[in-house]
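Quick note, the sequences are listed as chains A and B, same order.
So for the first sequence, the numbering used here puts the first residue at 1; every next one is plus one.
So for the second sequence, the numbering used here puts the first residue at 1001; every next one is plus one.
For every residue, glycine included, the Cβ atom is placed at its ideal position computed from N, Cα and C.
Predicted model, so just to flag it, every value in this text is computed and none were measured.
Here the structure is laid out as structure tokens; the discussion comes afterwards.
2 protein chains.
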Amino acid sequence: MYIFVMKGITVRHPARAAELFHALADPTRLEILDELKEGECCVCELTDRLQAGQSRLSFHLKVLKDAGMIVDRREGRWMYYSVNAAALAELDELVESFKQTKRARRASGCC
Amino acid sequence: MYIFVMKGITVRHPARAAELFHALADPTRLEILDELKEGECCVCELTDRLQAGQSRLSFHLKVLKDAGMIVDRREGRWMYYSVNAAALAELDELVESFKQTKRARRASGCC
DNA sequence: CACATATATCAATGATTCTTGATCAATAAA
DNA sequence: TTTATTGATCAAGAATCATTGATATATGTG
């Protein structure tokens, strides 16, 4: 489960990295993020735009929130969600980590 | 299922993006990638390093390969796997896409 | 050819995830 | 205080995913 987002903490934590990627591993959640990147948005608005049932949307918002991808804010009876910039930075860092230290492995002789 | 990796094709395809992220949403697969980023590697070597059973490793390699994250090459009886640079570029592009067009949504009035 | 090795695939099982509809909690308005 | 609205949570079922052990498919060697 998501605890906090901090620069540099993720690369050596496959479980946390997997959680973050899992949050992104669903078309509905990607569509939610696609909406949220335009700015903060309430659930009812997302329901309209994504043609998704309320509990289904709520489920996916929870996954995204638990992973730290989005944050919420209550205003009256509305919940407003928005993308968490820190998580985007964390994602960047993770993707960068895949590219590091590509040194030559010994050329021949397996196992 | 994965078909091909091409710059620019993914951002508007949530199903493809989800497949790519799903491939990364597992600690074992992240550990595989962590090994592969050091260079091409055969399955038996991964089995040793990751302390994972052969069929389990084979399963995860297939998921990564189907998603286009890695490529394979046969040499004699060994299969060598390595990271697919094009997929890394695609990932970069996807993460970038989360940051685009953060224009202000209308300030008040929900639904 | 017979045998060994490396790896893929298959089948069964258990675990996790997603969807749906129902209910609950909080807030606001009449 | 009753009623409406927004959204979270819960329970059940379906779908997907991961693990394991067994078997199949190369490929190479004697």
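Rounded straight-line distance, which links the Cα of A:E75 to that of B:E1031:
Their Cα atoms are separated by approximately 42 Å.
Considering only residues of the same chain and omitting the five flanking positions on each side of B:K1037, which have a CB-CB separation below 8 Å?
For B:K1037, where only same-chain residues beyond five positions count, the Cβ hits under 8 Å are V1083.
Can you pull the chain B residues whose beta carbon is under 8 Å from the beta carbon of A:A67, in chain order?
Those do not exist, as A:A67 stays about 10 Å from chain B at its closest Cβ, beyond 8 Å.
Taking only the alpha-carbon atoms, compute the straight-line gap between B:L1024 and B:K1062 and give it to the nearest angstrom.
If you take the alpha carbons of B:L1024 and B:K1062, they lie about 12 Å apart.
Establish whether the CB of B:A1087 and some CB of chain A are separated by less than 7 Å.
Output row for B:A1087: interface = no.
Rounded to the nearest angstrom, how far is the Cβ of A:Y81 from that of A:E40, given a contact under 8 Å?
About 7 Å separates the beta carbons of A:Y81 and A:E40, which is inside the 8 Å limit, making them a contact pair.
Extent of the continuous alpha helix (DSSP H) to which B:E1040 belongs:
Note, B:E1040: premise wrong, no alpha helix (DSSP H); not H, not E.
Nearest to B:A1086 by CA position, among B:A1067, B:R1029, B:T1028, B:S1055, is which residue?
For B:A1086, the nearest C-alpha among the options comes from B:A1067.
Residues in the same chain with beta-carbon distance under 7 Å from A:D72, minus the five sequence neighbours each way, listed in chain order, please.
Counting only Cβ-Cβ distances below 7 Å, and skipping sequence neighbours, we find K65, M79, Y80, Y81.
Please decide whether A:L91 counts as near chain B, where near means a Cβ-Cβ distance under 7 Å.
So, interface residue.
Cα-Cα separation, B:L1057 to A:D48
In a straight line, the C-alpha of B:L1057 is about 42 Å away from that of A:D48.
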